[in-house]
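These notes are about the structure you will find just below.
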Amino acid sequence: MEEHPEFSKLLANPAQGTSTTAWAAVSKESEGECGLYLHETGEPQLAPAHAPSYSDGYGANTFNPESEKKLWVKSLELLGLSDD
287 MEEHPEFSKL LANPAQGTST TAWAAVSKES EGECGLYLHE TGEPQLAPAH APSYSDGYGA
347 NTFNPESEKK LWVKSLELLG LSDD
């Protein structure tokens with residue numbers, strides 16, 4: 287990676303990589319919550335429209351109830367399960 291220092295901004299060491307999971311497991315802020323999208327010990331905000339993919343935040347298409355429902359229905363169909 288020394289020959290490509292720009293990649294160092296995208297990579298995390300093991301402690302950094304596990305910090306969000308550890309935070310979610312013990313923090314009062316995430317107590318009783320599930321299914322949250324977390325990034326670096328918190329819930330990220332919507333990223334600007336033309337932000338690079340490696341920037342903090344999530345894209346406008348991340349949370350789409352219609353697409354989520356389609357994916358859920360298709361997943362159940364492929365697995366031969368029903369939504370009981």
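In the numbering used here, each residue's number is its place in the sequence shown (first place is 1) plus 286.
For every residue, glycine included, the Cβ atom is placed at its ideal position computed from N, Cα and C.
Check this for me: beta carbons of residue i and residue j, under 8 Å apart or not?
{"i": "T306", "j": "E326", "result": "yes"}
{"i": "Y340", "j": "L296", "result": "yes"}
{"i": "S368", "j": "L362", "result": "yes"}
{"i": "P330", "j": "D342", "result": "yes"}
{"i": "A308", "j": "S316", "result": "no"}
Looking at chain B, is there any beta carbon in it that lies within less than 8 Å of the beta carbon of residue i?
{"i": "N347", "result": "This model lacks chain B altogether; it includes just one protein chain."}
Give me, in chain order, the residues of the same chain whose beta-carbon lies closer than 7 Å to that of residue i; leave out the 5 immediate sequence neighbours on both sides.
{"i": "G345", "result": "A333"}
Near residue i, which residues of its chain fall below 8 Å by C-beta distance, leaving aside the five closest residues on each side in sequence?
{"i": "V359", "result": "D369"}
Of the choices the options, whose alpha-carbon is the least far from that of residue i?
{"i": "K314", "options": "G328, L364, Y323 and P291", "result": "G328"}
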